[in-house]
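I have placed the structure first, in the form of structure tokens, so that the comments after it can refer back to it.
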Amino acid sequence: MTDKLYELMNWADVEEVCYLECSNPKRILGARLLPEGLLIQAFFPTAKEVSVMLSGKAWPMERADEAGFFAVLLPEEKRFREKLPDYRFRLIYDNDTEETLQDPYRFPSIYTEEDIRKFEAGIHYRIYEKMGAHPISLRGTSGVVFSVWAPGALRVSVVGDFNLWDGRRNMMQKISDNGIFELFLPGLSEGTIYKYEILRHGQEPFLKTDPYGFSFELRPNTASVVSDLRRFHWGDRAWQERKKRGGQKTQPMSVYELHLGSVFRKKLTVNEDGSPVPGSEFYNYRELAEKIASYVKAEGYTHVELMPVMEHPLDQSWGYQITGYYAPSSRFGSPEDFQYLVDRLHQEGIGVILDWAPAHFPRDSWGLASFDGGALYEDPDPVRGSHPHWGSLIFHYARHEVSNFLIANAFFWAEKYHADGIRMDAVASMLYLDYGRQGGNAPRNMYGGNENLEAVEFLKHLNSQFRLAFPGTLLIAEESTAWENVTLPVEEGGLGFDLKWNMGWMNDFLSYMQTDPFFRKQNYRSLTFSMLYNYSEDFQLVLSHDEVVHGKGSLLQKMPGDSLEKKAQNLRAAYGYFFSYPGKKLLFMGQDFGEVEEWSEERELPWEILKYPLHKGIHELVRDLNQLLREKPALSQRDYSPEGFEWINCSYPELSLLFFLRKAEKAEDNLLIVTNFDTMDHAGFRVGLPFPCTLRSILSSEDRKYGGSGAVRKILHHSEPIEWDERAESAAIRIPPLSTTIYQLTPLSKEELELRSARGRKEERAKKTAKKGKRGSSNRSSSIKGKKVNKGKEAEKSQGEKRHPGEESAERESQKAAGKKPLQEEKS
1 MTDKLYELMN WADVEEVCYL ECSNPKRILG ARLLPEGLLI QAFFPTAKEV SVMLSGKAWP
61 MERADEAGFF AVLLPEEKRF REKLPDYRFR LIYDNDTEET LQDPYRFPSI YTEEDIRKFE
121 AGIHYRIYEK MGAHPISLRG TSGVVFSVWA PGALRVSVVG DFNLWDGRRN MMQKISDNGI
181 FELFLPGLSE GTIYKYEILR HGQEPFLKTD PYGFSFELRP NTASVVSDLR RFHWGDRAWQ
241 ERKKRGGQKT QPMSVYELHL GSVFRKKLTV NEDGSPVPGS EFYNYRELAE KIASYVKAEG
301 YTHVELMPVM EHPLDQSWGY QITGYYAPSS RFGSPEDFQY LVDRLHQEGI GVILDWAPAH
361 FPRDSWGLAS FDGGALYEDP DPVRGSHPHW GSLIFHYARH EVSNFLIANA FFWAEKYHAD
421 GIRMDAVASM LYLDYGRQGG NAPRNMYGGN ENLEAVEFLK HLNSQFRLAF PGTLLIAEES
481 TAWENVTLPV EEGGLGFDLK WNMGWMNDFL SYMQTDPFFR KQNYRSLTFS MLYNYSEDFQ
541 LVLSHDEVVH GKGSLLQKMP GDSLEKKAQN LRAAYGYFFS YPGKKLLFMG QDFGEVEEWS
601 EERELPWEIL KYPLHKGIHE LVRDLNQLLR EKPALSQRDY SPEGFEWINC SYPELSLLFF
661 LRKAEKAEDN LLIVTNFDTM DHAGFRVGLP FPCTLRSILS SEDRKYGGSG AVRKILHHSE
721 PIEWDERAES AAIRIPPLST TIYQLTPLSK EELELRSARG RKEERAKKTA KKGKRGSSNR
781 SSSIKGKKVN KGKEAEKSQG EKRHPGEESA ERESQKAAGK KPLQEEKS
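Residue numbers for the sequence shown follow the numbering used here, beginning at 1 and rising by one.
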């Protein structure tokens with residue numbers, strides 16, 4: 001090495017590079033113009049010889065250090081002062097193979113000062129446009145820019161097949177005090193497999209996947225994959241415009257919750273040696289798009305909710321143990337394939353809600369855990385940072401860059417994948433510091449309380465900003481406690497969610513339904529209690545995957561009965577009640593046709609059982625309920641207004657009967673729901689009504705086509721001016737055992753009311769005339785008749801006392817008192 005070159009080099013910096021402890025390689029590597037000429041320095045530890053290729057000429061570089069540090073001083077040229085030249089490196093290896101590379105350290109950063117400032121403050125909501133790996137063009141050169149946050153790292157390198165996974169080759173530049181590392185690698189493209197090699201002081205180098213990676217290898221491999229999300233051409237513009245107009249809370253919403261790995265599933269293929277072909281059991285997102293769209297549209301659901309599609313290593317976690325928050329799972333295809341699935345569903349009029357787990361993340365060594373060698377994404381407090389139920393790690397919500405990671409992630413799925421809703425899992429575990437902790441060792445907040453103040457602030461921050469950025473896109477909380485104002489807007493003191501899963505209703509309802517009908521009267525309050533708090537939040541009624549796993553059995557299995565037919569009858573009545581009760585609906589896959597076994601992620605749904613009448617009947621009932629939900633405003637228009645619901649009678653514990661109204665903005669759209677959760681059949685049972693009307697059964701769970709008895713006929717009933725259930729009008733109807741029946745109420749017109757009034761006056765006159773005729777009868781005749789009448793009345797009274805006052809006996813008494821002929825009982 002020449003003395004001149006030796007004197008120009010900063011040997012402390014050279015040593016930092018050669019010892020692989022450099023966080024600022026651009027300070028020494030690359031080209032810089034000096035008074036003596038153009039100094040170019042490079043680090044190629046595996047090269048035997050290196051030359052600089054410039055203007056068609058090769059300039060041999062001198063080996064300045066045996067570790068692989070090379071340098072050359074080129075003569076000064078005037079053009080260098082205007083713009084540094086575009087040069088290449090030619091490398092010759094020990095086996096005499098050659099490689100030509102561009103210098104990654106001559107390219108500028110893609111970050112602005114504003115980007116860094118906003119990220120440090122936790123308000124860079126689209127940081128995913130900078131973080132991660134992005135195929136771009138810089139200074140006319142195509143390549144991939146890599147960026148990662150690792151403030152505790154002494155050095156970060158990009159590694160992959162392109163550099164033989166050698167962390168010495170591509171050390172990244174630290175561009176901010178808060179630990180952002182960045183490097184542009186010319187010549188790389190989409191599909192490149194990579195990881196980050198991180199060195200922390202006092203530790204050995206270790207490999208990590210990209211927290212912002214858009215794609216990953218198929219498990220069990222774990223490397224990130226460079227992906228370009230800009231290529232897909234969306235065809236859902238009309239859908240997106242409708243969504244922005246909002247109004248979802250007054251519209252029908254029936255969600256089909258599904259797991260992509262088991263809703264449809266292939267037979268696992270094996271290699272010649274008998275080993276399984278990884279991923280061969282899964283359909284591609286595009287194949288699933290056609291199957292799911294066809295089924296969901298035919299069944300009348302408005303949305304699907306996908307159990308987490310974010311990348312996760314363990315199938316058995318169902319996606320709730322996420323290692324790739326920004327990547328749809330490679331089990332089912334590429335990011336572009338997933339974009340196709342969402343687009344296809346939108347074009348069929350089906351919304352897409354994504355499950356999301358911001359409460360915790362797994363401890364896998366290649367993931368977020370101890371990302372830079374210390375507690376970074378997880379809370380540094382070992383108690384606060386560890387989840388007592390799942391053994392996973394809890395996010396450090398107080399750290400701006402961590403909350404930014406999560407907030408931007410929600411933005412990412414709404415923007416890049418057009419999600420129509422984000423359902424946040426395990427929100428209760430975020431809100432409370434003592435969630436799942438026994439004894440007195442639970443941490444406390446600064447005021448001595450058990451609320452996780454940082455998590456609360458995170459949720460408010462996310463929800464308030466998300467609502468502004470994506471109007472019409474829903475934020476849904478799975479929150480199982482009595483935390484107040486979950487669905488109240490943030491500006492009014494709430495958490496800012498749109499909907500909250502009604503876990504209380506679900507637990508009470510399923511507990512009631514699992515009880516034998518003979519004992520249900522003791523648990524009657526479970527049906528009515530939820531209405532006491534129903535309008536404290538905007539609730540979604542859910543019968544989710546959580547209720548059909550871990551030995552709980554399927555919904556059909558939960559039902560009492562000594563035969564599948566009895567269980568199915570209970571389940572049909574339950575579904576009728578579920579779809580009629582206020583709140584948006586969610587039903588887990590397979591339960592809509594009465595899957596017998598509880599769900600397993602390892603097998604496909606048993607679609608073959610739909611050939612059996614019992615399962616076909618349940619299936620058709622759910623389809624018709626979905627159709628009714630879409631057609632009848634009363635079932636959705638006022639889900640979150642007390643004006644949309646009215647108990648007619650909720651005081652029949654002995655009979656397990658419930659009557660209520662679902663009320664729309666127009667009275668002619670009102671519906672009467674009659675539910676009998678007992679095995680007793682009631683003929684001519686009188687029910688109070690809100691106004692003079694006709695009523696016709698529009699759906700009964702006991703319809704023959706669903707496998708029922710057909711006891712409820714679709715005949716027209718007329719209300720009568722007989723006071724019942726504290727209402728001036730009533731009607732006598734048939735109520736079959738274990739059934740839910742929905743009646744359409746149609747108010748009587750002015751003309752019909754006048755006609756009924758005239759008929760009543762005529763009957764009153766006839767009654768008076770009949771009384772006058774009786775006065776002319778002989779005393780003996782009157783005495784005999786009187787005795788017969790009295791005996792008849794006593795017998796009838798005695799018989800009536802054995803029946804419930806709502807039954808036909810009481811109705812006949814009422815009819816006689818009004819001077820009318822007794823009503824004839826309906827016949828099945």
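Here a beta-carbon is modelled for each residue, glycine too, at the ideal position from N, C-alpha and C.
### Message
Please list the terminal residues of the continuous beta strand (DSSP E) segment that includes E257.
### Response
Your numbering for residue 257 matches position 257 in the sequence shown. Bounds of the beta strand (DSSP E) holding E257 are S254 to L258.
### Query
How is the beta strand (DSSP E) around E99 delimited, first residue to last?
Here the question's residue 99 lines up with position 99 in the sequence shown. Residues E98 to Q102.
### Message
Considering Cα atoms alone, identify which of G710, T481 and Q316 is closest to S262.
### Response
As a first step, residue 262 must be located in the sequence shown, where it is residue number 262. Of the candidates G710, T481 and Q316, the one whose C-alpha sits nearest the C-alpha of S262 is Q316.
### Message
Quick check: what's the CA-CA separation for G504 versus N450?
### Response
Counting from one through the sequence shown, the residue named residue 504 turns up at place 504. Counting from one through the sequence shown, the residue named residue 450 turns up at place 450. Computed Cα separation, rounded: 22 Å.
### Message
Does L695 pass the burial test, meaning 16 or more other C-beta atoms within 10 Å, or should it be called exposed?
### Response
Along the sequence shown, one-based indexing puts residue 695 at 695. Buried, since its Cβ has 16 or more Cβ neighbours within 10 Å.
### Task
With distances taken Cα to Cα, identify the nearest neighbour of M310 among R399, L260, D508 and G551.
The sequence position of residue 310 within the sequence shown is 310, counting from 1. It is L260.
### Message
Let me check one thing: in DSSP terms, what residues is V158 bridge-paired to?
### Response
One-based indexing of the sequence shown puts residue 158 at position 158. Answer by DSSP bridge pairing, in chain order: Y196.
#### Entry: Simplified DSSP state of W390, which is helix, strand or coil
As a first step, residue 390 must be located in the sequence shown, where it is residue number 390. Note: W390 maps to coil in three-state DSSP.
### Task
Determine the closest residue to S636 out of Y652, S189, K249 and F588, with distance taken between C-alpha atoms.
Sequence index remark: in the sequence shown, residue 636 carries index 636 (1-based). The option with the nearest alpha carbon to S636 is K249.
### Query
Got a sec, what are the start and stop residues for the beta strand (DSSP E) E305 sits in?
In the sequence shown, counting from the first residue as 1, residue 305 sits at position 305. Unbroken beta strand (DSSP E) run through E305: H303 to L306.
### Task
Note down, in chain order, each residue of its chain lying with its Cβ closer than 6 Å to the Cβ of M307, except the 5 sequence neighbours on either side.
Here residue 307 refers to the residue found at position 307 when the sequence shown is read from its first residue. Around M307: H259, W318, G319 and D355.
### Message
Is the separation between the beta-carbon of N452 and that of Y432 shorter than 8 Å?
### Response
Indexing the sequence shown from 1 puts residue 452 at position 452. Indexing the sequence shown from 1 puts residue 432 at position 432. Yes.
### Message
Just to confirm the assignment: which complete alpha helix (DSSP H) runs, minimum length 4, are found wholly within the region 106 to 190?
### Response
113 to 121
### Query
DSSP three-state call for R384: helix, strand or coil?
Here residue 384 corresponds to residue number 384 of the sequence shown, with the count starting at 1. Correct three-state label for R384: coil.
### Minimum C-alpha distance to L34 - residue among G187, S51, K78 and A58
For this step, residue 34 is matched to residue 34 along the sequence shown. Residue K78 holds the alpha-carbon nearest to the alpha-carbon of L34 among G187, S51, K78 and A58.
### Query
Below 8 Å between beta carbons: does that hold for S23 and L207?
Indexing the sequence shown from 1 puts residue 23 at position 23. Indexing the sequence shown from 1 puts residue 207 at position 207. Cβ distance not < 8 Å, so S23 and L207 don't count as in contact.
### Message
Spatial neighbours of D94 within its chain, please: C-beta separation below 7 Å, excluding the five flanking residues on both sides.
### Response
Here residue 94 is taken as the residue at index 94 of the sequence shown, counted from 1. So the list reads K48, once near-sequence residues are dropped.
### Task
Please name the residue or residues paired with Y326 in a DSSP beta bridge.
Residue 326 sits at position 326 when you count from the first residue of the sequence shown. DSSP, once it has assigned bridges, lists no residue as partnering Y326.
### Task
With DSSP collapsed to three states, give me the class of L33.
Counted from its first residue, the sequence shown places residue 33 at position 33. In this structure, L33 counts as strand in the three-state DSSP scheme.
### Message
Buried or exposed, going by whether 16 or more other CB atoms sit within 10 Å of the CB of D538?
### Response
Taking the first residue of the sequence shown as 1, we reach residue 538 at position 538. Answer is buried; the Cβ neighbour count reaches 16.
### Message
Is it the case that the region 457 to 467 contacts the region 404 to 412, given that we only count it when at least three CB pairs across the two stretches are under 8 Å?
### Response
yes
### Task
Answer yes or no: do F89 and A42 have a C-beta to C-beta separation smaller than 8 Å?
Mapped onto the sequence shown, residue 89 falls at position 89. Mapped onto the sequence shown, residue 42 falls at position 42. Yes; because the gap between Cβ atoms is below 8 Å, this pair is in contact.
### Task
Going by CA-CA distance only, name the one from E601, D420 and D103 that's closest to V52.
Stepping through the sequence shown from its first residue, residue 52 is reached at position 52. Residue D103 is the option with its Cα nearest to V52.
### Query
Taking all protein chains shown into account, do 16 or more other C-beta atoms lie within 10 angstroms of the C-beta of T209, making it buried, or fewer, making it exposed?
On the sequence shown, residue 209 is found 209 positions in, with the first residue counted as 1. T209 comes out buried.
### Task
Measure the C-alpha to C-alpha separation of L314 and Q321 and round it to an integer number of angstroms.
For the purposes of this step, residue 314 is taken as the residue at position 314 of the sequence shown. For the purposes of this step, residue 321 is taken as the residue at position 321 of the sequence shown. Approximately 8 Å, taken between the alpha carbons.
### Message
Looking only at its chain, what residues have a beta carbon closer than 6 Å to the beta carbon of L745, apart from the 5 residues adjacent to it on each side?
### Response
The count along the sequence shown starts at 1 and reaches residue 745 at position 745. The answer, listed in chain order, is N670, L672, C693 and L695.
### Message
Going by DSSP, what residue range makes up the beta strand (DSSP E) through V542?
### Response
Taking the sequence shown and counting its residues from 1, one reaches residue 542 at position 542. F539 to L543 is the span of the beta strand (DSSP E), which, as asked, contains V542.
### Query
Considering D624, what are the terminal residues of the alpha helix (DSSP H) in which it resides?
Indexing the sequence shown from 1 puts residue 624 at position 624. Counted as a single uninterrupted DSSP element, the alpha helix (DSSP H) harbouring D624 occupies residues P613 to E631.
### Query
Are the beta-carbon atoms of T481 and G576 separated by less than 8 Å?
Position 481 of the sequence shown, counted from the first residue, corresponds to residue 481. Position 576 of the sequence shown, counted from the first residue, corresponds to residue 576. No, Cβ-Cβ distance for T481 and G576 is not below 8 Å.
### Query
Per DSSP, which one or two residues make a beta bridge with K705?
Position 705 of the sequence shown holds residue 705. DSSP, once it has assigned bridges, lists no residue as partnering K705.
### Task
State whether the region 559 to 575 contacts the region 735 to 743, with contact taken as three or more CB pairs (one from each stretch) at a distance under 8 Å.
Contact holds: three or more Cβ-Cβ distances are below 8 Å.
### Task
Keeping to the same chain, check which residues put their C-beta closer than 7 Å to that of V712; ignore five residues upstream and five downstream.
Taking the sequence shown and counting its residues from 1, the one referred to as residue 712 is at position 712. Closer than 7 Å at Cβ, skipping near neighbours: S697, S700, E702, R734, P736 and T741.
### Message
Taking the beta carbon of L755 as the centre, do at least 16 other beta carbons fall within 10 Å, making it buried, or is it exposed?
### Response
Here residue 755 refers to the residue found at position 755 of the sequence shown. With fewer than 16 Cβ atoms within 10 Å of its Cβ, L755 is classed as exposed.
### Task
Determine the direct distance from the alpha carbon of Y295 to that of K611, and round the result to whole angstroms.
Position 611 of the sequence shown, counted from the start, is the residue given in the question as residue 611. Position 295 of the sequence shown, counted from the start, is the residue given in the question as residue 295. Those two C-alpha atoms are separated by around 16 Å.
### Per-residue DSSP class, three states only, for C693
Numbered from 1 along the sequence shown, position 693 holds the residue referred to as residue 693. C693: strand per DSSP, three-state reduction.
### Task
Can you check DSSP and say which residues form a bridge with I92?
For this step, residue 92 is matched to residue 92 along the sequence shown. Looking at the DSSP assignment, I92 forms a beta bridge with E49 and E98.
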